[in-house]
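Notes to accompany the following structure.
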Amino acid sequence: MAEQQTPGTSSRVTYDYVTRTIARTLGGPSRGYFVLLGAAVALLLVGIITLLYLLRYGLGLAGYSHPVYWAVFITCFVFWVGIAHSGTLISAILFLFRSGWRTAVYRTAEAMTVFAVMTAGLFPLIHIGRQWYFYWLIPYPNERGLWPNFKSPLIWDEFAIGTYFTVSTVFLIMGLIPDVAAVRDLATGWRKKLYTITSLGWTGTNEQWRHYSKGYLYLAALATPLVLSVHSVVSWDFAMAIVPGWHATIFAPYFVAGAIYSGCAMVITLLTPIRKLFGLEELITVHHYENLAKLCLLTGSIVGYAYVCEYFIAWFSGNPHERAAFWYRAFGPYWWATWTMIICNAFLPLLLWVKKIRTNITALFVISIFVNIGMWFERYVIIVVSLAGEPYEPWANAVYNPTWADWGIMAGSFGWFFMWFLLFVKNFPAVSISEVKEVLAPPKRGQVRSR
Amino acid sequence: MVLILALPLAAVYGQQAQSTSSPAASRYKAPVISDTGDLKGPRQPIFFRHDIHAGQDQIPCMYCHYSAAVSSEPGLPSLQTCMGCHQLVGGSTPSHQAEIKKVRDAWRERKAPEWVRIHALPGFVRFPHMRHIKVLGTGGCANCHGDVQTMPQVYQVSTLRMGWCVRCHVERKVTRDCSVCHY
Amino acid sequence: MSDSIDRRRFLKVLGVTGAGAATVSACGIGPEPTEKLIPYLVQPEDQIPGKATYYATTCRECAAGCGVVARVREGRAVKLEGNPESPINRGRLCSRGQAALQGLYNPDRVPHPMVRNANGTFEAIDWDGAIQRLRAKVAEARGKGIVFVSGAEVSSFGDLVDEWLKLVGGRRLSYEAFGFDALRAGNRLAFGTATLPTYDLANAKYILSFGADFLDTWLSPVEFQNGFTQAHAFEGGRSASMAKFVYVAPRLSLTGMSADEWIAARPGTEGTLALAMAQVIVSRHLARQPADASRLVGLLSGYAPSAVAEAIGIDQDTIVRLAREFASSGGGLAVAGGMATQYENGAAIVAAVNILNYVAGSVGSLVKFGADSAVGSAGTFADLVALKADMDAGRVALLLVHGANPAHSFPGAFQQALGKVGYKVSFSSYMDETTAACDLILPDHHPLEQWGDSRPRAGVTAFQQPVVQPVFETRQTGDVILQLAGRTGTFKDYVQGKWRTLQPRGRTPAAGGDQFVFDAMTKGGVYGESPTRAVRLAADLSAVAPRLSTEQKGSGEDQTIVVFPHPVLHDGRGANKPWLQELPDPVSKIAWHSWVEVHPDTAAKWGLATGDFLLLRSKFGAQKFPAWLTRSVRPDVLAVPTGQGHVAYGRYAQDRSANAFELLSRDANGYGGRTFVVAATATKTGEHRKIVTTEGSPRERGRGTVEVLGVARAKSLRPGQAPFHHEETPEYASKAVEWWAERQHEKTELGNYRGEHPRWGLAIDLSKCTGCSACVTACYAENNIATVGEDLMQRGREMSWLRLERYWLTDEHGEPQGAVNSPMLCQQCGNAPCEPVCPVFAAYHTPDGLNAQVYNRCVGTRYCSNNCPYKVRYFNWYNYAERGGKYEAFPEPLSMLLNPDVTVREKGVMEKCTFCVQRIRGAQNQARLEDRGVRDGEIVTACQQTCPSEAIVFGDLNDPRSRVSQLAGDPRGYHVLAGLNTKPAITYLARVVAQETPSHG
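Keeping their order, the protein sequence lines are chains A, B and C.
All residue numbers for the first sequence refer to the working numbering, where the first residue is 3 and numbers rise by one.
All residue numbers for the second sequence refer to the working numbering, where the first residue is 312 and numbers rise by one.
All residue numbers for the third sequence refer to the working numbering, where the first residue is 454 and numbers rise by one.
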């Protein structure tokens, strides 16, 4: 029967085991959980207070310095959008590719996606000078007869992010239906009510299953192109500008790869503690980790290649401005940021070639954290350093330093993200019950009797 | 001497008045107002009746708002201008006399009345009155200010919002370039 | 937007001036019911609401006596511009002149008379009371010594004071911190006359300056700059011959930046160099010599280049070359001043330079004696020292101070002496150091509120008339004096009486006089020809030979410290005006702070970095300054500017950096002048400060920001040639650009633009621009640009729409020989990167070719600035107009000078230069009223208007006859970063230098 089992899961994992373990994750929260949640909320408060200051006194509180007019806020924006990516990749593309190992991890990934987009979406609103007029960016008919400028990449962004958020949310909810129904039957009290509503009257009849799987398939097909589109559009915020270091044709693929890379890393970072906390070792196994690691290895190499491309083209094009920009990047006052990025993103993941490391969860956890840091710095380097270098006007260059306001908002964003994520895993199945069962061997009489 | 200053102006604008004001307006008779409570518009320190001055007596707008045709600002009549006539004109009814007395007292005490502003634009909008008078003629005031000639107490008739400006500019096929009003 | 502030200020003004409230505008949407409109009682004839009135008067920021025209809106002076009628400044103005408005509306003015009470603090007092006191004090002090200290007052006011002092038996001392004693003494030595000549820079063919900073602080800067540009600029005013400019001084000043060659002679040897050159000229008969030049042979014999080159610190070939160039130019003009005249041997140096001019035959042609200059009229430093002595000795019972601040420029000594004076009265309207030490303050009107005049030179009388009602309860000192003298009539009558006497003979005094005065007032003064007279060599020339001054170099440890006047803060009088504080020093680009210039080699010896503090300790005092490392100063010299280090003088000046005057000797030198060079020890304190500088990279790195041509190459250029041509529109793009341009012109069929298809453009001639930065201040004044203060400027938050980029010109050894200054402002690109990226069309293209910025539409994504290759967009990080806010830029009543035609920007919006669009629209409206098109030259941007060297020209590029489109076609013309296909509307004309192989960084 072993060949019928998904690789990595032991024979103890039966349908019934799955239901029970996963249902357990919804049980009374441990102290560890509360500590984490508390930390998240505290961070969020820091962010909220900082935001109030920004609104009252102005963006001057942040570290901006002419000509560095975009900085940490936009860096975080791109960072979070990036995080959002692997979610859909894992749930949609791998679903279409019928890769079984996704089942254990895709729920977490999807949740992460939705909350990451929710986080990213806040930054464009926070970083503009007159936040109270953010709605001018939205096309709506008005007496003045004024519309936003559809030529502006910022407007494209608006739509790209909006679409992505809607689709990935729908996708998450849809995937939840049968699971919620499963836990509904175990739950009691207010939760019972909650699940009854969210399970949309799921009873698991053949009919329902047939429609469900069809719908899920189509939705997956629909979501797949988004994985590529969203971050391409985000990258055009930069690629469309003439700033050396931004104005490059490789940006779209470069950003998408980077996004998936950071996304997978983030999945690893999130799964590891949850796995421990909820005792899901049996369901989320080294096998899954290894696959995620391989995904990291692939995308990471693409990112590394993109780095090389950038520098090569800067040199090869012979464009003095381009050359100046990249020289400044590597050897200017921000050399440390650049090298952090290169080491964390291009060199560190090379360790994953080694199976020993690839299959060592602690090692993976550490590496994934470094990748997250590296990817944050990648955006920082692209945005801040390109502007600070100012290769066109040698007179106008600045050395920019973030202030408490920058860090405050950034901390807030992490708080916001983790708060939602923690609330989710406690109240909804963090691992898909139905899909895990799909890849298990169907129960045999013997096992049933033993129950 | 005030009178001397006032009269020639009156003569000058007198002609203009005939040329621009419609015959209908010249037949206008300002109503006697017993209760000012239900009049539209803010209460002014002096109950100055545009309907009597501009409507019944046919004094052209430009007589008091002297700079509207040459400057971006319409200008507010100096108290001296009021006295130009009210040195002599004392008013027919007691209520009128009471109001005119306020004017004369103010003049004696050298203390100008503080009129309540009715038409105001945000500070980031430039509205060149003279350009509009130039094309619409001296009678064109009504386009935005309404039929002031029949208002015992002036109130705002147009929203003065951008949409309202733009609508008119679109109809008349004139510039809609932002930097014509906003700089 | 936040010009609700504008409005409130406005109503405030009504209270003050009683003007009409026509331009009142509400904040946000719709009317505010509470808002009041207060009409005039009597309509002033010369005022139409919403229209500016212009009054001609005279700038009194320095004694040059430039004519200004004040632009007044509803009783507020909102802008100063040069008076074209004036022969001094020909309609141009410097930064200090522009900033006079901030003196008028300064928040730290003394609002009313004040008297020191029992417990030593000031308390308010009414005018009658104050004058009673003063009268009593004068009565007491009669015979016990009454002294009136004034600035350089060659004016009716000065005359009145003298008359009165004769009456009460006192004496007047007019004092200027940077006197011209050396010039007078030197002229006496050489020609036996102690007057100051006029220098005809405009017609010079070779200009040699021995330390004379005639472009920034020396005598009459605006006038000189105008003349200098005509001579020095390529094709400036004359044939394409470009007068070479050689600058001899221990450091490169603002004036030095325009130099084609910099001779860093050893301090104190300038005169020796001059005589050496004279020796060459005489001995080799390089020029036709005056008859009595033979008398010089004996004197000069000791100055053969071979003999003195060593001492001067340059090789003798250079001396000979300079002499040849100077003589053969057929119009060599040497001027001595500034640094060179502030040594112990300053007078001798001036005399030596006079002799150089004399043997070259320039005296009488380019250097004309006869018209004595007002600035020079000040008493000598020796007089002040004498006064101090009298004060110490208790020989002064009553001291009256007007228009001078000796307690700052002669610190310590004078301060102590003040303590020993019986009673001290100040007429200053600012609480400066001297005033703070006085017992009674009778604040005078600001010059813009005054009647008065000044006589900058013989034959020229510049009139002053009040352009606004007094802002505070001040009173004209002239009137006070008249009252004290018990004379009837006002000072106005007194002045106008004097003016009547100016009319040419044979006119009826009375009625004719009034007419004459009225006409003159509309012109701003009476401008006659200055008399000239020939001068011969003095009988005794023995004293000319300048001692090679070695005594500045004391013990081995000592450094030579050179103290020089700050280009805009000057002796410190400018320090209370935020515009001037925030204006980066044209050379060092440092703002809000003082500094000491150190040569990198010296710094390397001491392990010094820019921003490290140096403690300078001379025999007389010690002060700390942060170091600025630069090659524009001699390695054996440290240079320190004056201007900062006030202990009083208002919020902008007080407790800011250190006072360089502290280091200077307290005794007058041989010729009665002051020595500004002092030996001092320099020790590193270990403190460090991030000095505020707008300097990015001092090197242009060949990025095509500035272009420089050798003079020969420039001359060889023919019309139609384009050495800097770029293929601006690549083949594939040209179609799209054309299509887009047509779309623009479709819009021009509407409204304003019917019939006209203007494209506004600018031409900036870099070989005219001297970097004086007057345009920057003018831009601040015209466009309500906020000053952000030191700590925000440190974080690169300055709002200056127009910045001057200074790139050093270096010789083959990398030593600076001058600098190229390039005004960088919005290029109003025809194909602008900022426009497509704005999500709300706040940045968009107007049909007449401007990159408009709609402040009230901007949401502040700042994408436009990121995408702007010129980096000329500035963001409002805070609400700089917020009442009482931390960063309030226009505190009461400074806000009165806000230009009502320009929106005061709100927190969170982007702002930038739009070629003074308010002026463009104004002209278009006027033209439309008169049923005509806008004429070329009718629209003048603020920067163009004020530029003393006329480097900026504005106009319509689509009109082939306009001046700007002709300049745009000049072969020297180029577009900055043209390769980006941004199609800028600004054409820069390359800087032309004498070197054949110019380098810029």
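Just so it is clear, CB atoms sit at the ideal spot from N, CA and C, and this is done for glycine as well.
Who are the Cβ neighbours of residue i in its own chain at under 6 Å, not counting the five residues just before and after it?
{"i": "Tyr1316 (chain C)", "result": "Val1290"}
{"i": "Phe1177 (chain C)", "result": "Glu1160, Tyr1427"}
{"i": "Leu442 (chain A)", "result": "none"}
{"i": "Phe372 (chain A)", "result": "Cys346, Leu350"}
{"i": "Ile370 (chain B)", "result": "His364"}
Starting from residue i, follow the beta strand (DSSP E) in both directions and report where the run begins and ends.
{"i": "Gly1408 (chain C)", "result": "1405–1409"}
{"i": "Ser603 (chain C)", "result": "599–603"}
{"i": "Gly660 (chain C)", "result": "One point to set straight first is that residue 660 (chain C) is Ile, not Gly, in the sequence displayed. Taken as a continuous stretch (DSSP letters only), the beta strand (DSSP E) holding Ile660 (chain C) covers 659–663."}
{"i": "Val1093 (chain C)", "result": "1090–1094"}
{"i": "Glu616 (chain C)", "result": "First-last for Glu616 (chain C): 609–621, but that is the alpha helix (DSSP H), not the beta strand (DSSP E)."}
{"i": "Phe1066 (chain C)", "result": "1065–1071"}
With distance defined between alpha-carbon atoms, name the residue in the options nearest to residue i.
{"i": "Tyr135 (chain A)", "options": "C:Tyr508, C:Lys1436, C:Arg1310, C:Pro1413", "result": "C:Arg1310"}
{"i": "Cys346 (chain A)", "options": "A:Ala390, A:Leu299, A:Thr361, A:Val356", "result": "A:Leu299"}
{"i": "Glu514 (chain C)", "options": "C:His1023, C:Thr1013, C:Pro703", "result": "C:His1023"}
{"i": "Pro439 (chain B)", "options": "C:Gly1125, C:Asn1378, C:Gly1422", "result": "C:Asn1378"}
{"i": "His685 (chain C)", "options": "C:Leu705, C:Ala655, C:Met710", "result": "C:Ala655"}
{"i": "Ile384 (chain A)", "options": "A:Leu46, A:Val48, A:Ile270, A:Ile76", "result": "A:Ile76"}
{"i": "Val477 (chain B)", "options": "B:Glu425, B:Met462, B:Cys489", "result": "B:Cys489"}
{"i": "Val1325 (chain C)", "options": "C:Gly1361, C:Arg1256, C:Lys1360", "result": "C:Arg1256"}
{"i": "Pro1322 (chain C)", "options": "A:Tyr142, A:Trp397, A:Trp192, A:Ala44", "result": "A:Trp397"}
{"i": "Leu230 (chain A)", "options": "A:Phe253, A:Trp211, A:Met242", "result": "A:Phe253"}
Take residue i and list the residues in its own chain whose beta-carbon comes closer than 8 Å to its own, dropping the five residues that flank it on each side.
{"i": "Gly401 (chain B)", "result": "Gln408, Ile411"}
{"i": "Val119 (chain A)", "result": "Trp82, Val83, Ala86, Ile163, Tyr166, Phe167, Ser170"}
{"i": "Phe367 (chain A)", "result": "Ile270, Thr271, Thr274"}
Hey, could you find the ends of the alpha helix (DSSP H) residue i is sitting in?
{"i": "Gly872 (chain C)", "result": "866–872"}
{"i": "Val773 (chain C)", "result": "769–781"}
{"i": "Asp125 (chain A)", "result": "Checking the sequence, you will find Phe at residue 125 (chain A) rather than Asp. Note, Phe125 (chain A): alpha helix (DSSP H), 108–129."}
Less than 7 Å between C-beta atoms, sequence neighbours within five positions excluded: which residues of the same chain meet that for residue i?
{"i": "Phe944 (chain C)", "result": "Trp904, Gln929, Gly931, Asp932, Leu935"}
{"i": "Arg1156 (chain C)", "result": "none"}
{"i": "Gly325 (chain B)", "result": "Residue placement at Gly325 (chain B) is poorly supported in this model, since its pLDDT is 38, which falls under 50; the coordinates still yield a value, given next. Once the five neighbours on either side are set aside, Gly325 (chain B) has no close Cβ partner at all."}
{"i": "Lys1006 (chain C)", "result": "At Lys1006 (chain C), the pLDDT of 46 sits below 50, so the modelled position is not reliable; the number obtained from the coordinates is stated separately. Within the same chain, Lys1006 (chain C) has close Cβ partners Thr1013, Ala1132."}
{"i": "Ile315 (chain B)", "result": "Here Ile315 (chain B) scores only 37 on pLDDT, less than 50, and its place in the model is too uncertain to base an answer on."}
{"i": "Cys445 (chain C)", "result": "Since the first residue shown for chain C is 454 and the last is 1454, residue 445 (chain C) is missing from the structure and cannot be characterised."}
Any beta carbon of chain F sitting closer than 8 Å to that of residue i?
{"i": "Arg132 (chain A)", "result": "The chain labelled as chain F is not found among the protein chains of the depicted structure, namely A, B and C."}
### Query
Is there contact here, the stretch 152–160 of chain A with the stretch 1289–1308 of chain C, by at least three beta-carbon pairs under 8 Å?
Judged by Cβ distances under 8 Å, the stretch 152–160 of chain A makes contact with the stretch 1289–1308 of chain C, as three or more pairs qualify.
### Whole runs of the beta strand (DSSP E) within the stretch 1121–1196 of chain C, excluding any shorter than 3 residues
1130–1141, 1161–1163
### Query
So, do the stretch 836–847 of chain C and the stretch 1079–1097 of chain C have three or more beta carbon pairs nearer to each other than 8 Å?
no
### Query
Can you list, in chain order, the stretches of the beta strand (DSSP E) that have 3 or more residues and sit fully within the stretch 896–971 of chain C?
Runs of the beta strand (DSSP E) spanning 3 or more residues and lying entirely within the stretch 896–971 of chain C occur at 905–910, 913–917, in chain order.
### Task
Please go through the stretch 378–429 of chain A and give each complete alpha helix (DSSP H) segment of 4 or more residues, from N-terminal end onward.
388–391, 406–429
### Query
Enumerated in chain order, which unbroken segments of the alpha helix (DSSP H) with a length of 4 residues or greater are wholly contained in the stretch 1361–1448 of chain C?
1370–1382, 1395–1399, 1416–1421
### Message
Ignoring anything shorter than 4 residues, give me the alpha helix (DSSP H) runs that lie fully in the stretch 59–94 of chain A, in order along the chain.
### Response
74–90
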